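What follows is a set of notes on a single structure, which appears directly below.
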Amino acid sequence: MHHQTAQLEPERAAPGERADGRSPMRRAFRAVLRRVAGERGAATAEYAVATMAAVGFAGLLVVILRGDEVRGILTDLVRNALTVG
Numbered sequence: 001m002h003h004q005t006a007q008l009e010p011e012r013a014a015p016g017e018r019a020d021g022r023s024p025m026r027r028a029f030r031a032v033l034r035r036v037a038g039e040r041g042a043a044t045a046e047y048a049v050a051t052m053a054a055v056g057f058a059g060l061l062v063v064i065l066r067g068d069e070v071r072g073i074l075t076d077l078v079r080n081a082l083t084v085g
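Taking the UniProt record's numbering, the leading residue of the sequence shown gets 1, the next gets one more, and so forth.
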């Protein structure tokens, strides 16, 4: 039994597409992907920097709020807020 292989016609390029199947849009998309792939992990690094800044700010607040003068001001503020009359 003999099998015949069908002769396939070469596909024609769509308007605006090159014969090898790469359109200008596809090339632009790939260029953007290459650029973004180089920034992989950038968001994680930004979160790490923001977290470290928040920790530093919280530490500064703890140091400031431990002072006797600030503690007295906050105590008076709470006492005045809770006083009825």
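Glycine included, every Cβ here is placed at the ideal spot set by N, Cα and C. For clarity, every value in this text was computed on a predicted model and none was experimentally measured.
How long is the line joining the alpha carbons of residue i and residue j, rounded to whole angstroms?
i: Val-78; j: Gly-67; result: 17 Å
i: Val-62; j: Ala-45; result: 26 Å
i: residue 111; j: Ala-58; result: Since the first residue shown for the chain is 1 and the last is 85, residue 111 is missing from the structure and cannot be characterised.
i: Pro-24; j: Thr-51; result: 41 Å
i: Arg-35; j: Ile-73; result: 54 Å
i: Tyr-47; j: Leu-60; result: 20 Å
i: Leu-33; j: Val-49; result: 25 Å
Can you round the beta-carbon distance between residue i and residue j to whole angstroms, since I take them to be within the 8 Å contact cut?
i: Ile-64; j: Val-55; result: In fact, because the Cβ distance is near 15 Å, the residues do not count as touching under 8 Å.
Determine whether the Cβ of residue i lies closer than 8 Å to any Cβ atom of chain B.
i: Arg-71; result: Reference to chain B is not applicable here, since this structure consists of a single protein chain.
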